[in-house]
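Asks: With our numbering applied, the sequence shown closes on residue 140, and no number is skipped along the way.
Sharing a structure, written as structure tokens. Questions coming.
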Amino acid sequence: MHIIQNYYPGVIAVAIPFDPPRMFESFWKIAKNFVQPDMKEKVKFVYANKPESLKIMADIFDLDTLESSFGGRSTGTAFHINKYAERMRRADKMRGASKDSNGHNHN
34 MHIIQNYYPG VIAVAIPFDP PRMFESFWKI AKNFVQPDMK EKVKFVYANK PESLKIMADI
94 FDLDTLESSF GGRSTGTAFH INKYAERMRR ADKMRGASKD SNGHNHN
């Protein structure tokens, strides 16, 4: 949090832990005392079984296009980790930041 607050101010519009273990929210109640006030307001805990917290998702996202595993109504846009990883590798290559699984540069 320190790095994000001090070196990337304004980068995070909102952080939404969706259905996290309850322990995370308990941890946040302590940790938020050590972050800047505007950052505290950006963290919103959302639970699928609480309609009032799902309203947070509806206020921020179009629920018709948000994947159902994140509280939305869309079932056709499933997240595929392998497709995402390949897309990120291509983006890294374009930036010249390509590394192998051992962390070696291949520029």
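Ideal placement from N, C-alpha and C gives every residue a C-beta, glycine not left out.
Small disclaimer: the values here were computed from a predicted structure and weren't measured.
By a C-beta neighbour count over all protein chains shown, 10 Å radius and 16 as the cutoff for buried, is V79 buried or exposed?
Replies: Buried.
Asks: Would you mind working out which of K77, P53 and M56 sits nearest I45, comparing C-alpha positions?
Replies: Residue K77 is the option with its Cα nearest to I45.
Asks: Mind reading off the beta-carbon distance from G109 to L96? Whole number of angstroms is fine, and I expect it under 8 Å.
Replies: With 8 Å as the limit, G109 and L96 do not qualify as a contact, their Cβ atoms being about 14 Å apart.
Asks: Assuming R106 is part of the alpha helix (DSSP H), what are its boundary residues?
Replies: It is not in any alpha helix (DSSP H) - R106 carries neither H nor E in the DSSP assignment.
Asks: Based on the DSSP output, what are the partners of V68 in its beta bridges?
Replies: In DSSP, V68 forms no bridge with anything.
Asks: Sorted by chain position, which residues of the same chain lie with C-beta nearer than 8 Å to F57's C-beta, five sequence neighbours on each side aside?
Replies: Correct list, in chain order: P50 and F78.
Asks: Under a three-way DSSP split, which group does F94 fall into?
Replies: It is coil, neither helix nor strand.
Asks: With distance defined between alpha-carbon atoms, name the residue in F60, D52, Q69 and K62 nearest to I36.
Replies: Taking only the C-alpha atoms, the option nearest I36 is Q69.
Asks: Tell me A48's beta-bridge partners as DSSP assigns them.
Replies: Answer is V76, bridged to A48.
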